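Structure, as structure tokens:
Numbering (this note's numbering), first residue to last: 4 to 115.
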């Protein structure tokens, strides 16, 4: 299981089209994903204080091809990258992802 955070609006749009895409797919060639233990790092860095985020819980076996584990920018961690749209049927759960009072994000409870 891997995770991707996005806005609830973006997820609603994906449900209408059948596939989820992120801007990074066009600009970098892949969709950034994370494990439950690391998703708070990019969420805090990129979306601090946002209150409209959800976590997509993705079953890797339902993707057209497996994610590639590659180094994250500015960190020694490897992150799963999905090289193509994520089919809606690969998302097995969607979780609200509210920030902490200081605007940062914590590892999601119950998924780590």
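All C-beta atoms in this analysis are idealised placements derived from N, C-alpha and C, irrespective of residue type, glycine included.
This structure is a prediction, so every number in the text was calculated from the model and none was measured.
With respect to the 9 Å criterion, residue 41 and residue 82 are classified as neighbours on the basis of their beta carbons. The residue among 10, 72, 95, 39 with its C-alpha nearest the C-alpha of residue 26 is 10. Per DSSP, residue 6 is one residue of the beta strand (DSSP E) stretching across 5 to 10. Contact between the stretch 62 to 82 and the stretch 102 to 112 is absent: fewer than three C-beta pairs spanning the two stretches fall below 8 Å. By DSSP's assignment, residue 83 forms a beta bridge with 72. Nearest to residue 76 by C-alpha distance, out of 22, 31, 21, is 31.
Runs of the alpha helix (DSSP H) lying entirely within the stretch 32 to 66, each at least 4 residues long, are 43 to 50 in chain order. With respect to residue 97, residue 58 sits close: the two C-beta atoms are nearer than 9 Å. Pairing residue 34 with residue 95 gives a Cβ-Cβ distance that is not under 9 Å.
Distance check between residue 7 and each of 28, 37, 14, 79 places 37 closest, using alpha-carbon atoms only. Take the alpha-carbon of residue 67 and the one of residue 53: they are about 30 Å apart. Here the C-alpha atom of residue 113 lies approximately 19 Å from the C-alpha atom of residue 45.
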